[in-house]
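Chains as they are written, first to last, in the numbering used here: chain A, 1 to 257; chain B, 1001 to 1257.
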DNA sequence: CCCAATTTGTTCGTATGTATC
DNA sequence: AGATACATACGAACAAATTGG
């Protein structure tokens, strides 16, 4: 019987990494939450018996992971920080930079997550939320007349999905859909797909989305699910015609739909 | 019309962060891939006109993100490194540390992803892969007789799912399922759920998994999908009886199923 | 086995920048 | 405006690890 849990190779950690881990456990042990201040550099130097440089590198490691932020000046210091969605997106994006994802890979996920999301939201959105969705839809109420408009409309239609995800009460669902959506937006921007107006994509996208909002308002979960299933299938088909392999690039944290 | 892409607040970057970003772009611009060596510290000090400490902090930032690794000695230096699954898992786990996920949240995702995974694998696994799955199943062929065995079996059953995910040709699917599965394993370990033998969970899990392997071998995608749907529904029900809110903790990169 | 060269890792002292009072 | 408290940055020296002779 193989060990249930495989602990990866021991892999000696450098001193700053050890300190970073120690600080992390320290924060957890004390139950410090976002906004709370960690001991100052000087105190940490004493606490860990290490030089300033080492402590600073440890802080940098935690900062890169999005776990702390530091401010200068009196009342400044290092503060526990809730990892932001942007940061998490960028860090996970780095992982997929080295995997080669295809359009099919991404749409296989979208095709199951998005319908489930829609079904879960049916009948649970406030009038304000429904209005916000319709507001995004106005961005592509009319067919695009040039490449620039086409691109803007495509991004806006992805924004519709990101907005929908944000309304989910499930943080995992929310993050996953927004991550995948951002990835698609990133591709279209970097590859400049959709340079030629694609009337079919426009018409089908708009139609699906307005029917979806209607179903969400009516509280019809099954219909919402089915609409998004069809939409995903269609969008996949149209996307596949344009490109099969996604370009990868490091996401410079900050761009997010 | 709102801007299509929202760029988050300017937020001045510290010098090391700027350098880290510069190095990242540098690597991309030169098309350096995993294993390739970056210029030495000394060269970077000259290249960027900054002190050693600053350069080192920048390297640490990239190292924390899993993008580089450094080695000492002759022939040593800083090397581009493919972000590992373990690292990506740990970093994303930090994000969810601050979100409060419920069992329901996690199972809503599993319930749609796992059946889709199984359907995609039907008829595509080699005899060796099918044997590997059956091998894991032997870990819980007999009912557990005490709490320790119970726990080991539960982890092994999660390992079955992680192994299945690993066989997917879709890197996104693979990562997402393994991430969620690890998250569940982490919970059960930290909370020590399943301290009391739960015969129903054992019997149903084993039955579902053996039927699943049969369906996969037979190449029956629809049946595989349906089996996993039922399994997820049942596992969700049994888990929900035990706990509703997940404990969160920082994942100390390395533990992975 | 030891020695020398190379490259990262760590330390310390000092000085600068920045925000608060 | 000035003093204070904190992070930030610099530079020089030394330590540790690895490779090859």
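Glycine included, every Cβ here is placed at the ideal spot set by N, Cα and C.
According to the Cβ coordinates, are residue i and residue j closer than 7 angstroms?
| i | j | result |
| --- | --- | --- |
| residue 167 of chain A | residue 121 of chain A | yes |
| residue 1182 of chain B | residue 108 of chain A | no |
| residue 1158 of chain B | residue 1141 of chain B | no |
| residue 118 of chain A | residue 218 of chain A | no |
| residue 83 of chain A | residue 68 of chain A | no |
| residue 216 of chain A | residue 177 of chain A | no |
| residue 1103 of chain B | residue 1229 of chain B | no |
| residue 1209 of chain B | residue 1137 of chain B | yes |
| residue 1020 of chain B | residue 1058 of chain B | yes |
| residue 1043 of chain B | residue 1080 of chain B | no |
| residue 1111 of chain B | residue 1232 of chain B | yes |
| residue 1187 of chain B | residue 1211 of chain B | no |
| residue 1139 of chain B | residue 1128 of chain B | no |
In whole angstroms, give me the CA-to-CA distance for residue i and residue j.
| i | j | result |
| --- | --- | --- |
| residue 237 of chain A | residue 205 of chain A | 12 angstroms |
| residue 123 of chain A | residue 1072 of chain B | 60 angstroms |
| residue 135 of chain A | residue 162 of chain A | 14 angstroms |
| residue 1097 of chain B | residue 1074 of chain B | 40 angstroms |
| residue 1106 of chain B | residue 31 of chain A | 24 angstroms |
| residue 22 of chain A | residue 1070 of chain B | 21 angstroms |
| residue 207 of chain A | residue 1173 of chain B | 29 angstroms |
| residue 2 of chain A | residue 1150 of chain B | Annotation note: pLDDT 32 at residue 2 of chain A (below 50); position unreliable, no value reported. |
| residue 14 of chain A | residue 1144 of chain B | 41 angstroms |
| residue 1302 of chain B | residue 1164 of chain B | There is no way to answer for residue 1302 of chain B, as the model of chain B reaches only from 1001 to 1257. |
| residue 1012 of chain B | residue 40 of chain A | 22 angstroms |
| residue 48 of chain A | residue 1038 of chain B | 31 angstroms |
| residue 213 of chain A | residue 125 of chain A | 10 angstroms |
| residue 60 of chain A | residue 1016 of chain B | 9 angstroms |
| residue 1050 of chain B | residue 100 of chain A | 36 angstroms |
| residue 1056 of chain B | residue 1116 of chain B | 45 angstroms |
| residue 90 of chain A | residue 132 of chain A | 26 angstroms |
| residue 1033 of chain B | residue 1025 of chain B | 13 angstroms |
| residue 147 of chain A | residue 180 of chain A | 24 angstroms |
| residue 1018 of chain B | residue 52 of chain A | 21 angstroms |
| residue 1175 of chain B | residue 160 of chain A | 25 angstroms |
| residue 85 of chain A | residue 1086 of chain B | 19 angstroms |
| residue 203 of chain A | residue 1222 of chain B | 32 angstroms |
In the structure shown, what three-state DSSP assignment does residue i receive?
| i | result |
| --- | --- |
| residue 194 of chain A | In this prediction, residue 194 of chain A scores a pLDDT of 49, lower than 50, which makes its location untrustworthy; no coordinate-derived value is stated. |
| residue 83 of chain A | coil |
| residue 1012 of chain B | coil |
| residue 1168 of chain B | coil |
| residue 1093 of chain B | helix |
| residue 120 of chain A | helix |
| residue 42 of chain A | helix |
| residue 53 of chain A | helix |
| residue 181 of chain A | helix |
| residue 72 of chain A | coil |
| residue 1138 of chain B | helix |
| residue 77 of chain A | strand |
Mind pulling the chain B residues with CB within less than 8 angstroms of residue i?
| i | result |
| --- | --- |
| residue 230 of chain A | Those do not exist, as residue 230 of chain A stays about 16 angstroms from chain B at its closest Cβ, beyond 8 angstroms. |
| residue 75 of chain A | Residues of chain B passing the Cβ test: none, with the nearest at roughly 18 angstroms. |
| residue 98 of chain A | 1034, 1082, 1083 |
| residue 176 of chain A | 1109, 1176 |
Determine the burial state of residue i: buried for a count of at least 16 other Cβ atoms within 10 Å of its Cβ, exposed for fewer.
| i | result |
| --- | --- |
| residue 62 of chain A | buried |
| residue 92 of chain A | buried |
| residue 88 of chain A | buried |
| residue 1054 of chain B | buried |
| residue 1094 of chain B | buried |
| residue 235 of chain A | buried |
| residue 152 of chain A | buried |
List the residues of chain B that residue i touches, going by C-beta distances under 9 angstroms, in chain order.
| i | result |
| --- | --- |
| residue 66 of chain A | 1091, 1094, 1095 |
| residue 116 of chain A | 1108, 1109, 1111, 1112 |
For a contact defined as C-beta to C-beta under 7 angstroms, what are the partners of residue i on chain B?
| i | result |
| --- | --- |
| residue 16 of chain A | 1060 |
What residues of chain A sit near residue i, judged by a beta carbon separation below 8 angstroms?
| i | result |
| --- | --- |
| residue 1173 of chain B | 105, 108, 109 |
| residue 1053 of chain B | 53, 56 |
Show which residues of chain A have a CB atom less than 7 angstroms away from the CB atom of residue i.
| i | result |
| --- | --- |
| residue 1057 of chain B | 56, 57, 60 |
| residue 1164 of chain B | Chain A residues near residue 1164 of chain B: none, gap ~15 angstroms exceeds 7 angstroms. |
Residues of chain A with a CB under 9 angstroms from the CB of residue i: which are they?
| i | result |
| --- | --- |
| residue 1088 of chain B | 91, 92, 94, 95, 96 |
| residue 1101 of chain B | 170, 171, 172 |
| residue 1133 of chain B | Here the premise fails: no neighbours, minimum Cβ distance about 13 angstroms. |
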